Amino acid sequence: MKISKRFSDFFDRCFRPFPSHLRKKALVLEGGGMRGVFLTGVLQAFTDKHYFPWEIIIGSSAGALNGALYASDQIHLARDAFFTYIPSADFINFSNVIHPDKHILDIDWIIETIINGDDPMDIKMLKKCCPVLITATDCTPYTKPKTVYLNSREDDIVTALKATAAVPYLYRGFVKYRNHQFLDGALLDPIPFKKALDLGYKEEDILVVMSHYKGYRKSQESFWVKTLYENYYKDEKYRYLVEALDQRFIGYNAIIDDLYLNHPGISILYPPEQFKLNRISHGRVKLAEGFEFGVSAAKKWLGLKAPHPPL
92 MKISKRFSDF FDRCFRPFPS HLRKKALVLE GGGMRGVFLT GVLQAFTDKH
142 YFPWEIIIGS SAGALNGALY ASDQIHLARD AFFTYIPSAD FINFSNVIHP
192 DKHILDIDWI IETIINGDDP MDIKMLKKCC PVLITATDCT PYTKPKTVYL
242 NSREDDIVTA LKATAAVPYL YRGFVKYRNH QFLDGALLDP IPFKKALDLG
292 YKEEDILVVM SHYKGYRKSQ ESFWVKTLYE NYYKDEKYRY LVEALDQRFI
342 GYNAIIDDLY LNHPGISILY PPEQFKLNRI SHGRVKLAEG FEFGVSAAKK
392 WLGLKAPHPP L
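If you're matching positions, the sequence shown starts at 92 in our numbering and goes up one per residue.
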């Protein structure tokens, strides 16, 4: 019986032993909402080059979605989503600012459309491939938020991807799963490289793909943004969540400093400085530009150490 090319490619990536210099590699994908289109471009280039040396993928928010679709050999679903579903009014509706019971970003709709659409995610393939760890922030009332790492092999993938992408305030309520109530995985761990280190991966075996240009520093939220989320989460039981949101820029910059200053062996792939989409930009021209930036960056990176790619 002739084995399909897709199955053959999947077998090569997930079951055939890698040479020793390609084993035990970790791919870390930053979150970033619409900026995740850069990651999509990177992973599209990796897919086109049949480059998949990873033993684990760890992603946050849009990085987790990209990582899961890359692992299931369907990165085209992320690409199509950025140019078809994400710019639509079904996903982004700013008029819902005045409707506290309606999503401004309908994460439920976008994830279900991508995963369960006409070309659905191959969940069986995803579960057979390397595990994808998906960051989510547990926001249990009256307690400090903490990061939980959901697992593509063990947890419901649709719920996990909703949880990691549920941007506070823009997504109304919480994603509830297994006695937790989750919000955006990027709130506390937007670049989860420390998880890879904790799992025993060496610095030289980790690649981090960023959604911000090199040298970016996160700024404090504006007065108006702070007013919106502080009013929405004004109940005393969410005071620790509000504190985490207030301090988010401090935490992000500390993670960046730690990565740059204390872990020089980790490889990092950045978009160029002219890539400055914010997390809810949805102009198709800018999205297309961001995708091409990702493809170009990945191709350049893969060619640095010919004949073998880096890592």
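Ideal Cβ positions, reconstructed from N, Cα and C, are used throughout, including at glycine. Computed from a prediction, not measured in an experiment: that's the story for all the values here.
query                                                                                                                                  : result
Please state the DSSP three-state secondary structure of Tyr329.                                                                       : helix
Tell me whether the beta-carbon of Arg126 lies closer than 7 Å to the beta-carbon of Ser302.                                           : yes
Answer with buried or exposed for Lys284, where buried requires no fewer than 16 other C-beta atoms within 10 angstroms of its C-beta. : Checking the displayed sequence, the identity of residue 284 turns out to be Phe instead of Lys. It counts as buried.
Which ranges would you report for the alpha helix (DSSP H) in the stretch 156-216 if only whole runs of at least 4 residues count?     : 166-175, 198-206
Within 10 angstroms of its Cβ, does Ile347 collect 16 or more other Cβ (buried), or is it exposed?                                     : buried
CB Thr255 to CB Ile225, shorter than 7 Å?                                                                                              : yes
Give the straight-line distance between the Cα atoms of Ala180 and Cys221, rounded to the nearest whole angstrom.                      : 35 Å
For the alpha helix (DSSP H) that Glu245 lies in, which residues bound it at each end?                                                 : From DSSP, Glu245 is part of no alpha helix (DSSP H); its letter is neither H nor E.
Please look up how many angstroms separate the CB atoms of Asp164 and Met216, rounded, as I've assumed it's under 8 Å.                 : 6 Å
Within 10 angstroms of its Cβ, does Asp209 collect 16 or more other Cβ (buried), or is it exposed?                                     : exposed
With H, G and I counted as helix, E and B as strand and the rest as coil, what does DSSP make of Ile341?                               : helix
Alpha carbon to alpha carbon, what distance is there between Ala388 and Leu360?                                                        : 7 Å
Taking DSSP as the reference, what is the three-state secondary structure of Ala227?                                                   : strand
Which class does Val300 belong to by DSSP, given the choice of helix, strand or coil?                                                  : strand
Start and end of the alpha helix (DSSP H) containing Lys286?                                                                           : 284-289
If the criterion is Cβ atoms closer than 7 Å, does the pair Pro362 and Phe384 meet it?                                                 : yes
Is the Cβ-Cβ distance between Ala257 and Val266 less than 7 Å?                                                                         : yes
Along the chain, where does the alpha helix (DSSP H) that runs through Tyr320 open and close?                                          : 314-323
Do the CB positions of Leu319 and Pro236 come within less than 7 Å of each other?                                                      : no
Rounded to a whole number of angstroms, what is the C-alpha to C-alpha distance between Val239 and Leu274?                             : 11 Å
Would you check if there are 3 or more beta carbon pairs closer than 8 Å linking the stretch 177-197 to the stretch 324-331?           : no
Looking at Gly374 and Val128, is the spacing between their C-beta atoms short of 7 Å?                                                  : no
Grab the span of the beta strand (DSSP E) containing Lys140 for me, first residue to last.                                             : Where Lys140 is concerned, there is no enclosing beta strand (DSSP E), given that its DSSP letter is neither H nor E.
Tell me the residue span of the alpha helix (DSSP H) that contains Ala43.                                                              : A query on residue 43 cannot be resolved here, the shown segment of the chain reaching from 92 to 402 and no further.
Going by DSSP, which residues form a beta bridge with Gly276?                                                                          : Its beta-bridge partners do not exist; DSSP assigns none.
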